[in-house]
Every structure is written in structure tokens, then in C-alpha cells.
Amino acid sequence: MIRPRLPLRRAAGRMAALAAATAGVLLAFAPPASAAVPTGRYVALGDSYTAGPLIPTQVDLNCLRSDRNYPSLVAASAGSSSFADVSCSGATTNDILNTGSGQLGISVPPQLSAVTSSTALVTVEIGGNDIGFSSIISDCAQASLSSPFGSPCKNKYTAGGTDQLQARINATAPKVATVLQAVHAAAPGARVVVIGYPAILPDSGYGCWPVVPIAYQDVPYLRGVEKSLNGMLANTAAANNATYADVYTPSIGHDACKSSSTRWVEGLFPENSAAPFHPNARGEQGMASAVLARLNS
Numbered sequence: 440m441i442r443p444r445l446p447l448r449r450a451a452g453r454m455a456a457l458a459a460a461t462a463g464v465l466l467a468f469a470p471p472a473s474a475a476v477p478t479g480r481y482v483a484l485g486d487s488y489t490a491g492p493l494i495p496t497q498v499d500l501n502c503l504r505s506d507r508n509y510p511s512l513v514a515a516s517a518g519s520s521s522f523a524d525v526s527c528s529g530a531t532t533n534d535i536l537n538t539g540s541g542q543l544g545i546s547v548p549p550q551l552s553a554v555t556s557s558t559a560l561v562t563v564e565i566g567g568n569d570i571g572f573s574s575i576i577s578d579c580a581q582a583s584l585s586s587p588f589g590s591p592c593k594n595k596y597t598a599g600g601t602d603q604l605q606a607r608i609n610a611t612a613p614k615v616a617t618v619l620q621a622v623h624a625a626a627p628g629a630r631v632v633v634i635g636y637p638a639i640l641p642d643s644g645y646g647c648w649p650v651v652p653i654a655y656q657d658v659p660y661l662r663g664v665e666k667s668l669n670g671m672l673a674n675t676a677a678a679n680n681a682t683y684a685d686v687y688t689p690s691i692g693h694d695a696c697k698s699s700s701t702r703w704v705e706g707l708f709p710e711n712s713a714a715p716f717h718p719n720a721r722g723e724q725g726m727a728s729a730v731l732a733r734l735n736s
């Protein structure tokens with residue numbers, strides 16, 4: 440949802456310590472039921488919502504990647520002949536196409552380099568960092584302290600009559616298109632699936648300040664921003680010979696305001712093992728099920 444990174448670059452140490460201090464016990468989940476999806480090579484590209492930062496077990500500390508994330512579950516269910524998960528926390532569209540760096544400052548090859556001509560399935564979840572997810576959350580949370588019942592975040596981002604966040608979404612669309620075109624060029628026979636983002640805030644109402652520190656009147660605004668981002672991803676997928684997997688709809692009722700046993704996405708103080716404002720293991724499981732359902736449709 441960074442140069443700014445999502446949301447783990449400049450504040451990586453503080454976020455990790457916060458999440459570790461408040462993390463609950465990770466629930467065990469079985470993989471989704473087997474699906475009739477491409478069984479050849481599967482490559483997962485994406486940012487931290489794909490990688491699963493701080494969900495045990497972390498298999499790449501530079502990218503904060505979990506082996507319980509949705510690509511791992513999809514690969515296990517599909518029986519992929521080979522599987523490469525190169526998702527990395529903090530990734531932008533640029534990091535899919537070019538060399539970047541991870542959370543430890545170690546160089547990360549272009550994610551696209553994992554996509555070969557024999558690849559049968561590619562999933563892509565990207566764009567949140569391009570619009571500055573981390574800085575948006577930080578700005579809005581801080582602003583809520585001075586006006587918890589107002590709309591200080593909306594006022595900031597729409598000052599002057601222009602919605603800056605919508606402008607960022609519009610500017611990200613051609614970048615996502617370039618990624619999809621590059622994937623098709625690298626693997627002409629692959630099925631390409633673009634993954635949206637799950638609900639962070641409730642799908643109706645005004646949130647749960649101060650548990651999730653977003654001012655009441657800012658909740659509808661930020662909900663609209665996320666829906667606009669997902670809409671852009673769906674439209675860009677359709678325009679570039681890719682399938683869109685909606686993970687927002689099945690996540691309704693599992694937002695960060697729900698109980699620790701229900702939510703898919705954690706709040707500022709995680710109660711399940713996950714990074715703040717990121718999916719927990721339940722959320723990764725839910726996204727895997729949504730992806731598999733879309734592949735079967």
C-alpha cells in the first residue's frame with residue numbers, strides 16, 4: 440500500500456522493533472485446495488504485500504520475504520514445476536525492471552530477470568510504493584492526532600483543488616503497463632496476473648481511531664484512494680493482456696480495525712506476526728485463495 444518505501448526503508452528498524460514487540464502467535468494455515476492453474480515455472484514479482492515482511496519464517500532478510508506468503512501458497516497448491524519468488528519489501532515498478540536495493544541496503548537484481556521464456560505463470564503486485572504508501576500512512580496518522588474527527592489528511596492532499604494522490608495513481612499507470620509489457624516480452628507464453636491490494640481500512644464507516652490512527656473523516660477518503668489504485672491496476676491489466684485478481688472484495692470485513700483473530704491486515708501495533716499496516720499470515724492465505732479462484736475462473 441519507497442524511496443519512500445512500503446513502508447520499511449527509512450523507518451525499517453523502528454517498524455521491525457514495533458512489530459516484534461507487539462506480535463502475537465502465528466496461526467498455522469494449510470495451503471489452499473489444489474487448483475487447475477499453470478503447473479510450469481511460476482515467478483512472483485512484487486512489493487511487501489507480496490513478500491510478507493515479519494511473517495515467520497523469513498527466508499530473505501534483505502527483502503523481508505516469508506515462505507508463508509501468497510506466492511508460496513499458490514505454488515504449493517498449483518504444484519508448479521519450479522518456483523521463483525523475487526518479491527521484495529519496498530519495491531517499486533522501477534525495481535522490477537532495474538537493479539535496486541533491499542532493506543539491508545544489499546543490491547537486488549531486477550525482479551524481471553527471474554522471468555524466463557519457459558515461465559508459465561507470473562503474478563505481479565506493485566504500485567503501492569510508487570504512490571508513496573509509507574509516507575501517506577505516516578502523514579495521515581500524525582495528522583490525526585491534532586484532528587481525530589476531521590479530515591486533516593484529505594485537506595493536505597487535496598489542497599489547491601488537485602488531488603495529489605489521484606495524480607500519483609494516474610502517473611503510476613504507465614509504469615505498471617511498462618512492467619507488464621516487459622513480462623510478456625520475457626515470457627510470451629506465460630499467463631500474467633496482476634494482484635490488487637486488500638482492504639486496510641473498513642469498507643464503510645469511519646474507522647477505529649485511535650486503534651488505527653486515521654482521522655474519522657479521512658477514512659472514507661483513503662478508502663477511495665485504495666479503491667482508485669486497485670481500479671487503475673485492473674484497467675491496466677485489461678489493457679495489457681493480463682488478468683486482474685481482486686483481493687479487496689474477499690478482504691472486506693477483515694480490515695485492520697477487526698479483531699486479531701479476524702483481520703487480514705495489521706494496524707500500527709500488530710497483534711499477529713506481520714509488519715505494521717501489512718498482511719498477516721491470514722491475509723496472505725486469503726490473497727492466495729483469491730488468486731487461485733481467479734486463475735480457475
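Counting from 440, one number per residue, gives the positions in the sequence shown under the numbering used here. Beta carbons are placed, not taken as given, at the ideal position from N, Cα and C, and that holds for glycine. Since we're looking at a predicted model, the values are computed, not measured.
Find the nearest neighbour of Pro709 within the set Val651, Ser736, Ile691, judged by alpha-carbon distance. Val651
What residue ranges within the region 521-557 form continuous beta strand (DSSP E) runs of no fewer than 3 residues, ordered along the chain? 521-524
By the DSSP assignment, the beta strand (DSSP E) with Thr682 in it spans what residues? 682-684
Rounded to whole angstroms, how far is the Cβ of Leu640 from the Cβ of Val615, which I believe are closer than 8 Å? In fact, because the Cβ distance is near 23 Å, the residues do not count as touching under 8 Å.
DSSP on Tyr596, reduced to helix/strand/coil? helix
For Arg630, which beta-bridge partners are listed by DSSP? Leu560
Three Cβ pairs or more, each shorter than 8 Å: is that satisfied between the region 623-640 and the region 662-676? yes
Cross-strand partners of Gln497 (DSSP beta bridge): Ser505
Looking at the strands, I want to know which residues DSSP matches up with Ala483. Asp524, Thr562
Roughly how far, in whole angstroms, is the beta-carbon of Val525 from the beta-carbon of Val482, given that I think they are within contact range, below 8 Å? 7 Å
CA-CA distance, Ala610 and Thr597? 16 Å
Touching by the beta-carbon criterion (3+ pairs, under 8 Å), the region 501-517 and the region 717-724: yes
Out of Val686, Thr555, Glu705, point me to the one whose CA is closest to Ala523's CA. Thr555
Taking only three categories from DSSP, how would you classify Pro718? strand
Give the single residue among Gly541, Leu668, Ser583 whose Cα lies nearest to the Cα of Leu500. Gly541
Taking 6 Å as the limit between beta carbons, can you name the residues of its chain near Arg662, skipping five residues before and five after? Leu640
Would you report the Cα separation of Val498 and Ser585, rounded to the nearest angstrom? 40 Å
Work out the CA separation of Ala490 and Gly539 for me, nearest whole Å. 16 Å
Work out the CA separation of Pro587 and Pro627 for me, nearest whole Å. 50 Å
Can the beta-carbon of Ala629 be found less than 7 Å from the beta-carbon of Thr531? no
Would Asp486 pass as a contact of Gly567 if the rule is Cβ separation under 7 Å? yes
Val651 - DSSP class collapsed to helix/strand/coil: coil
Assigned secondary structure, Arg733 (DSSP; H/G/I helix, E/B strand, else coil): helix
What is the residue span of the alpha helix (DSSP H) that Ser573 lies within? 572-583
What residue range is occupied by the uninterrupted alpha helix (DSSP H) comprising Tyr660? 657-678
Among Glu705, Ala727, Leu551, Gly571, which residue has its Cα nearest to the Cα of Cys647? Glu705
Select from Tyr655, Gly479, Ser699 the residue whose C-alpha is nearest the C-alpha of Lys593. Tyr655
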